[in-house]
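Visitor: Numbering (this note's numbering), first residue to last: 457 to 741. Ideal Cβ placement from N, Cα and C applies to all residues, glycine included. Bear in mind the structure is a predicted one, so any value in this text is a computation, not a measurement. To start, I am sharing the structure in question, which I have written as structure tokens.
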Amino acid sequence: MTSEMTAPALRCVGLTALHAPDAGVEDLDLEVRVGEVFGFLGPNGAGKTTTIRLLLDLLRPDRGSAEVLGVETRAGGPELRRRIGFLPGDLALFPRTTGRRTLELFAALQRAAPVRREATLDRLGFPRDALDRAVRTYSTGMRQMIGLTIAFQHDPELLVLDEPTTGLDPMVRDGFLDLVREARARGRTVFLSSHVLTEVERVADRVALIARSRLRLTATLDELRARRPRTVTVIRRDGTRETWEHAGDPDPLLRRLAEERPLDVLIEPATLDAVFRAAVSEAGP
């Protein structure tokens with residue numbers, strides 16, 4: 457991250473929705489910087505989708521405030537929404553409409569040239585001959601690719617993506633992650649809501665963990681891993697092995713290894729999955 461990328465793309469203070477259709481959120485304080493990929497993580501039912509609906513003014517809060525791209529969400533209206541690319545977690549498309557016509561309809565709503573449409577379709581590997589078929593003939597993954605193309609095609613300042621890899625095979629997921637990296641390289645901001653931790657770990661600058669409707673922590677990936685102990689496995693010359701966890705100052709670990717003079721050593725950092733599970737557990741009932 458460069459020092460210039462300090463203005464918030466998203467900011468919410470005390471954001472609360474206690475009567476949301478899905479899981480609510482309570483007293484959410486969050487800030488996302490311009491030009492970063494921000495992973496918004498949590499188990500199903502944690503409040504991720506409700507937070508997104510509040511940020512996009514699809515749901516009104518019981519209290520608190522939210523700003524998107526420097527504009528209060530309730531005052532932004534259509535002009536603000538045109539600056540955003542949105543993929544909902546419950547994507548619904550017109551089943552009898554072709555993929556091509558679907559993209560054109562959304563481009564008209566976005567009132568912006570679809571300058572990234574072809575590049576997005578290419579990156580995802582969407583078959584061009586399928587564009588003239590009705591959406592009802594598409595697989596789940598193909599519909600998701602159309603949804604992603606809708607979000608990316610007008611090169612918006614902010615991408616808000618709710619569970620974007622649902623139904624995608626591994627190669628298409630890799631293509632999606634490339635799209636995210638390329639958007640960041642162009643100075644775009646990506647707010648990525650997911651429970652697929654390994655994918656977020658590959659692209660996010662920072663992450664926030666939400667559990668049971670409350671934000672539990674916000675940190676860089678390195679900061680998160682530093683909170684958890686590393687797993688150390690020593691393989692001795694007699695063929696035995698020992699595994700333990702080590703956190704904090706590395707000097708005691710190095711001294712112990714120097715004394716043992718093992719045949720091999722494997723030191724594994726805490727995974728994002730381990731950090732996430734610990735945060736959810738610490739959240740309590």
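#1: Nearest to residue 737 by alpha carbon, out of 498, 573 and 586?
#2: Going by DSSP in three states, residue 641 sits in which element: helix, strand or coil?
#3: If you pair each beta-carbon of the stretch 670 to 684 with each one of the stretch 524 to 535, do three or more pairs fall below 8 angstroms?
#4: Have a look at 481, 632 and 696 and flag the residue whose alpha-carbon is nearest the alpha-carbon of residue 621.
#5: Please classify residue 752 as buried or exposed, where buried requires at least 16 neighbouring CB atoms within 10 angstroms.
#6: For residue 464, does the three-state DSSP call read helix, strand or coil?
#7: Could you give the uninterrupted runs of the beta strand (DSSP E) lying entirely in the stretch 496 to 579, keeping only those of 3 residues or more?
#8: Is the stretch 588 to 596 in contact with the stretch 549 to 564, if contact means three or more CB pairs nearer than 8 angstroms?
#9: Could I get the ranges of all uninterrupted alpha helix (DSSP H) runs contained in the stretch 576 to 658, with 4 residues as the minimum, in chain order?
#10: Take the Cβ of residue 467 as the centre, count every other Cβ of all protein chains shown within 10 Å, and call the residue buried at 16 or more, exposed below.
#11: Which two residues bound the contiguous alpha helix (DSSP H) that contains residue 711?
#12: So, are the CB atoms of residue 628 and residue 639 less than 8 angstroms apart?
#13: Is residue 719 helix, strand or coil when you go by DSSP?
#14: Is residue 711 buried or exposed, if buried means 16 or more other CB atoms sit within 10 Å of its CB?
#15: Return yes when the Cβ of residue 596 is within less than 8 angstroms of the Cβ of residue 576, no when it is not.
#16: Decide if residue 624 is buried, meaning its Cβ has at least 16 other Cβ atoms within 10 Å, or exposed.
Guide: In brief:
#1: The option with the nearest alpha carbon to residue 737 is 498.
#2: Residue 641 carries a helical assignment under DSSP once its states are collapsed to helix, strand and coil.
#3: In short, these stretches do not touch, since the Cβ pair count stays below three.
#4: Ranked by Cα distance from residue 621, the first of 481, 632 and 696 is 632.
#5: Because residue 752 is not part of the residues shown, which for the chain are 457 to 741, the question remains open.
#6: In the structure shown, residue 464 sits in a strand (DSSP, three-state: E or B).
#7: For the stretch 496 to 579, the continuous beta strand (DSSP E) assignments of 3+ residues that do not extend past its boundaries occur at 519 to 524 and 540 to 543, in sequence order.
#8: With contact defined as three or more Cβ pairs closer than 8 angstroms, the stretch 588 to 596 and the stretch 549 to 564 are in contact.
#9: Every alpha helix (DSSP H) stretch that sits fully inside the stretch 576 to 658 and reaches 4 residues is listed by chain position as 596 to 608 and 626 to 641.
#10: It counts as buried.
#11: Secondary structure note for residue 711: its alpha helix (DSSP H) is the uninterrupted segment 707 to 716.
#12: No; because the gap between Cβ atoms is not below 8 angstroms, this pair is not in contact.
#13: If DSSP states are grouped into helix, strand and coil, residue 719 belongs with coil.
#14: With fewer than 16 other Cβ atoms within 10 Å, it is exposed.
#15: It is not a contact, given that the beta carbons lie outside the stated cut-off.
#16: Burial call: buried.
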